[in-house]
Amino acid sequence: MRSLWWSLLVVQILFLLGFSNGESPYRWYNWNITYGDIYPLGVKQQGILINGQFPGPQIDSVTNDNLIINVFNSLDEPFLLSWNGIQQRRNSWQDGVYGTNCPIPPGQNFTYVLQVKDQIGSFFYFPSLAMHKAAGGYGGIIIRSRPLIPIPFPPPTGDYTILVGDWFKQNHTDLKAILDGGNDLPFPDGLLVNGRGSNGLTFTVDQGRTYRFRISNVGLTTAINFRIQGHKMVLVEAEGTHTLQNTYESLDIHLGQSYSVLVTMDQPGQDYYIVTSTRFTSPVLTATSILHYSNSAGGVSGPPPGGPTIEIDWSLNQARSVRQNLTASGPRPNPQGSYHYGLVNTTRTIRLANSAPMINGKKRYAVNSVSFIPADTPLKLADYFKIPGVFNLGSIQDYPTGGGGYLQTSVMAADFRAYIEIVFENPEDTVQSWHIDGHIFFVVGMDGGQWSAASRLNYNLRDGISRCTIQVYPRSWTALYMPLDNVGMWNIRSENWARQYLGQQFYLRVYSPVNSWRDEYPIPIGALLCGRASGRKTRPL
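Residue numbers for the sequence shown, in mature numbering (1 follows the signal peptide of the UniProt record, and there is no 0): -22 to -1, 1 to 519.
Structural data, given as structure tokens:
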């Protein structure tokens, strides 16, 4: 089996040499995916481990690095990993969702060949099939700036990754069965911080020093609020974009989102609570960790600090304050503000409304009335091999139809290099969180009520944050500008994993008529083929 791993790695390297920058380093990973007993909330569960770890190993990289990640599936069911926020430039073949990739069969492997091209920041990976995410299999991704690219703050003394999320005591197979039966998931049983329950982690720091905390919400159903007793947090990054350095006492982090904050250890030498709690829920779940000063004279004192609970306006105002640092360099030396996104004319407006219809007597979730169902063949493969009958372009409209929900493998057509406006409209009473694969977008507006053309008068066309995951508040809207600069088949999905699983997602096919490696890389030689693509050939060496 090891010889198979290495032979596939060699094949992938040959593929890489055809298009990768030879000056960019390679980082090699061999990951074995297994089940294992975990006890995150004190109850034995079947977890998904990577090399025996939960959470999985952290990927630490630098802008433009090539990541060669060989994943061997030792589970008894198919498995895929996806890379939240990694743009996969010209390379949706590696995105790791079912619309682009065949699942890795039990007992087999697949080698992901990624390049973190022109990116910096804090992200995470996760298992994308079924409800595997409820069993673990996730881990952090760091993309550091290249040595000669300035960052807009002094180098911190230390760098901590914090993966926070809600958690269920039921196994992922039980949760999947609940959803398959047309029912909602129960309320989560708790919150985990790096795979541990309350007071399960200690972060040791030196008094007077400043540390970077990279916080991602890897949960299934709830937004969270993050705070540190007695300390202020300076926001410096949101999903690869340097932000205005606003100071916060606590920070809302919605499903799928990632932030970096700087915290200066300017308090007396003792221990302090790090607190995460759910937002917009009743009851409120809370988990604590410990911030331990190395010269601590005592343990934590007093109760953990409280935070916001159900306040929508508080969260909306904070979200509007998260803006782009126009003078800071991004992954390249030029300032982030050198791209004047507000001066580019949009060529198309796409309005997307979520809903929760009953279809065939079962609860489903939908976008513009369409509840997505997976095809028997990954959409990217069907498109490449021109296999008819797998999906139809135009199977989802650009606007809410107002009609009843129905099942469809929904794919929306889009043109490469178009510049579009997307408006997420949320008529429901729950907060939504949306993610777009393969792209970043600029958040130009969010507000309550119904969006209209007049809403554009209040857009932020100067320093809106650019990111890949955004929230939409209850009975509200959020508007984005997005350059379609990445050819491929890209998943647009709810980050609420139950809603995603039950249909609140679709695919955007960004198409170029030019068959050129300048626009899109060819199918990988080692691509897994399944469904109606089985038995076909990828391409010669």
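Ideal Cβ placement from N, Cα and C applies to all residues, glycine included.
- Closest by C-alpha distance to Phe420, out of Phe131, Pro261, Ala216 and Tyr251, is Ala216.
- If you look at Ser52, you'll find it isn't in any beta strand (DSSP E); DSSP assigns it neither H nor E.
- Annotated as proximal: Pro282 and Val253, with beta-carbon spacing under 8 Å.
- Gln93 places its beta carbon 8 Å or farther from that of Asn62.
- Annotation note: the region 369 to 417 contains no uninterrupted alpha helix (DSSP H) run of length 4 or greater.
- Counting along the chain, Thr151 sits inside the alpha helix (DSSP H) bounded by residues His150 to Asp158.
- Taking C-beta atoms as the reference points, Phe402 and Leu294 fail to come closer than 8 Å.
- Taking 8 Å as the cut-off, the beta carbon of Ala391 is found closer than this to the beta carbon of Arg487.
- Just measuring C-alpha positions, the residue of Asn464, Leu359 and Ser512 sitting nearest Tyr76 is Leu359.
- Exclusion of the five residues before and after Gly315 leaves Leu304 as the residues of its chain whose Cβ lies within less than 6 Å of its Cβ.
- The three-state reading of DSSP puts His220 in strand, counting E and B together.
- In this model, Phe394 and His417 are separated by some 12 Å (Cα to Cα).
- Between Ile11 and Gly115 the beta-carbon gap is near 7 Å, inside 8 Å, which marks them as a contact.
- Given a length threshold of 4 residues, each whole run of the alpha helix (DSSP H) inside the region 314 to 375 is given here in chain order: 357 to 362.
- In the displayed model, Asn195 falls within a strand according to three-state DSSP.
- Inclusion of Pro502 and Val49 in the CB contact set at 8 Å is not warranted, their separation being larger than that value.
- Under the criterion of beta carbons closer than 8 Å, Gly509 and Thr355 qualify as touching, at roughly 3 Å.
- For secondary structure counted as the beta strand (DSSP E) over 3 or more consecutive residues, the region 260 to 321 holds these complete runs in sequence order: 264 to 271.
- Judged by beta-carbon spacing, Gln97 lies within the 8 Å limit of Pro309, meaning their Cβ atoms are closer than that value.
- Three or more beta-carbon pairs separated by less than 8 Å are not found between the region 11 to 26 and the region 155 to 162, which leaves the two stretches without contact.
- Nearest neighbour of Ile351 by Cα position, chosen from Gly383, Arg326, Pro366 and Ile328, turns out to be Gly383.
- Burial check for Tyr251: the Cβ neighbour count within 10 Å reaches 16 or more, so the residue is buried.
- The three-state secondary structure of Gly136, taken from DSSP, is strand.
- In this chain, the alpha helix (DSSP H) harbouring Trp475 covers Trp475 to Tyr479.
- One thing to note: Asp415 has its Cβ no nearer than 8 Å to the Cβ of Trp455.
- Taking Ala297 as reference, the option from Thr327, Ile37, Gly442 and Trp6 with the minimal CA-CA separation is Gly442.
- Within its own chain, the residues whose Cβ lies closer than 8 Å to the Cβ of Asp463, once the five positions on either side in sequence are excluded, are Phe394, Arg395 and His417, listed in chain order.
- According to DSSP, residue pairing for Trp468 in a beta bridge involves Leu486.
- In this structure, Ile46 sits near Trp6, with a CB-CB distance shorter than 8 Å.
- When the beta-carbon positions are compared, Asp144 and Gly197 come within less than 8 Å of each other.
- Per DSSP, Gln449 is one residue of the beta strand (DSSP E) stretching across Thr447 to Val450.
- Non-local beta-carbon contacts of Ser333 in its own chain, meaning distances under 6 Å to residues more than five positions away in sequence, involve Ala344 in chain order.
- About 23 Å separates the Cβ atoms of Ile337 and Leu371, ruling out a contact at the 8 Å cut-off.
- Contact check for Asn195 against Gln235 passes: the beta carbons are separated by less than 8 Å.
- Per DSSP, Val21 is not a residue of any beta strand (DSSP E), being assigned neither H nor E.
- Residue pairing by DSSP puts Glu215 in a beta bridge opposite His220 and Ser238.
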